[in-house]
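> So the sequence shown is numbered by the numbering used here: it starts at 4 and just counts up by one.
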Amino acid sequence: MIAKRVIPCLDVHGGQVTRGVRFGRAEAGELRNVGDPVELALRYNEQGADEMVFFDITASAHGRATMVDVIERTADQCFMPLTVGGGLKSVEDMYTMLRAGADKISINSSALANPDLIRAGAEKFGSQCIVVSIDTKRVAPDRWEVFSHGGRKATGLETLEWAQRAVSLGAGEIVLNSIDADGTRAGFDVVITRRLSEALDVPVVASGGAGSLEHLAEVLLEGKADAVLAASIFHFGQYTVGQVKDYLASRGIPVRRI
């Protein structure tokens, strides 16, 4: 079996890592400061993280320059793949982050506004570089829809249909973010994760809801995810990456060791 990945996620606002619940907003004072992104990345690198994801939630020109600096400093000191997302709206924006040291580019609202951006990025840099992040919310007992703009704007798109279109355009990976579970530590949305994992021929990364070791194992085993992305359980010292991997291995889930 292919090893499952454990991926810490850093939401960066104004050069600092922050954390909210259910897509809390910076302008509403709903975010908690966690620390310096490069220091946290180094910590997770030493703990054996498989990858690191940075999301720039500042969404400004100044924020972009700050994120470039963060990626450059992290890439200089860490030896794991780095994924960067947030406000990237063109192939030129992608190139800026790749040149700074990112290995993958994550796009979300910009892909919804301009689906051809997925194709253009894949043609320029390769599908392995293009990650489409999908913010999903259950809107009916058996229907999940895609939301944009940090989970605040309904698109009316059915989640699996949008994921399939993104892959057909060239996305090499899907990150599935559950708005309902984000930051709650109450567990992943296993049902929609499994639906995408079974239907797509690219890796699906489960995001939103990690609160216990059991939650992580559940979404990998029952949700059939290829990787788990988590923030709060790592940032606030609940678990180390090594502890997560030890537990997953004890459940028979293959993981990469340092």
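Glycine residues also receive a C-beta, built at the ideal position from the N, C-alpha and C atoms.
Please read these numbers as outputs of a predicted model, since none were measured by experiment.
What number of angstroms, rounded off, separates the C-alpha of Asp-138 from the C-alpha of Met-70?
22 Å
> Can you tell me whether Lys-156 is buried or exposed, with buried defined as 16 or more other CB within 10 angstroms of its CB?
exposed
> Does Gly-1 pass the burial test, meaning 16 or more other C-beta atoms within 10 Å, or should it be called exposed?
This structure gives no information on residue 1, because the portion of the chain shown stretches from 4 to 261.
> Measure the alpha-carbon distance for Arg-168 versus Val-134 and round it to whole angstroms.
Approximately 13 Å between the Cα atoms of the pair.
> Can you say whether Asn-36 is buried or exposed, counting buried as having 16 or more other CB atoms within 10 angstroms of its CB?
exposed
> Can you tell me where the alpha helix (DSSP H) holding Leu-115 begins and where it ends?
DSSP places Leu-115 inside the alpha helix (DSSP H), whose first and last residues are 112 to 116.
> Between which two residues does the beta strand (DSSP E) harbouring His-152 extend?
It is not in any beta strand (DSSP E) - His-152 carries neither H nor E in the DSSP assignment.
> Tell me, please, whether the segment 211 to 228 touches the segment 171 to 178 by the rule of three or more beta-carbon pairs shorter than 8 Å.
no
> Measuring CA to CA, which of Trp-165, Cys-132 and Pro-11 is closest to Glu-148?
Trp-165
> Among Val-194, Thr-158, Gly-240 and Leu-219, whose alpha-carbon lies nearest the alpha-carbon of Asp-1?
Look at the range of the chain in this structure, 4 to 261, and you will see that residue 1 is not part of it.
> Given a cut-off of 9 Å on the beta-carbon distance, is the pair Asp-185 and Arg-141 in contact?
no
> Classify Val-194: buried if its beta carbon has 16 or more other beta carbons within 10 angstroms, exposed otherwise.
Val-194 comes out exposed.
> As a quick exercise: from Glu-225, Gly-159 and Glu-161, pick the residue whose alpha carbon is nearest that of Gly-190.
Glu-225
> So, are the CB atoms of Ile-10 and Glu-42 less than 9 Å apart?
no
> Using only the alpha-carbon positions, how far apart do Gly-173 and Lys-127 sit?
11 Å
> Thinking C-alpha only, which one of Phe-239, Ser-136 and Leu-203 is nearest Tyr-47?
Phe-239
> How would you write the range of the beta strand (DSSP E) that Ser-136 sits in, first residue to last?
133 to 143
> Report buried or exposed for Met-100, applying the criterion of at least 16 other Cβ atoms within 10 angstroms of its Cβ.
buried
> For the alpha helix (DSSP H) containing Asp-119, name the first residue and the last one.
Note, Asp-119: alpha helix (DSSP H), 119 to 128.
> Helix or strand or just coil, what does DSSP make of Leu-243?
Reading off the sequence shown, one finds Thr at residue 243, where the question assumed Leu. Looking at Thr-243 - three-state DSSP - the assignment turns out to be coil, as it is neither helix nor strand.
> Leaving out five residues before and five after Ile-74 in sequence, what residues of the same chain have Cβ atoms less than 8 Å from its Cβ?
Phe-57, Leu-85, Val-87, Met-100, Ala-103, Gly-104 and Ala-105
> Could you check if Gly-89 is buried or exposed, using at least 16 other CB atoms within 10 Å of its CB as the buried criterion?
buried
> So what does DSSP say about Arg-28, is it helix, strand or coil?
Here Arg-28 scores only 47 on pLDDT, less than 50, and its place in the model should not be relied on; the value that follows carries that caveat. If DSSP states are grouped into helix, strand and coil, Arg-28 belongs with coil.
> Tell me the DSSP bridge mates of Thr-187?
Thr-187 is not bridged to any residue.
> State the DSSP-derived secondary structure class of Ile-177, mapped to helix, strand or coil.
strand
> Can you tell me the Cβ-Cβ gap for Ser-1 and Lys-92, rounded? I've got them flagged as a contact below 8 Å.
A question about residue 1 goes unanswered here, because the residues of the chain that appear run from 4 up to 261.
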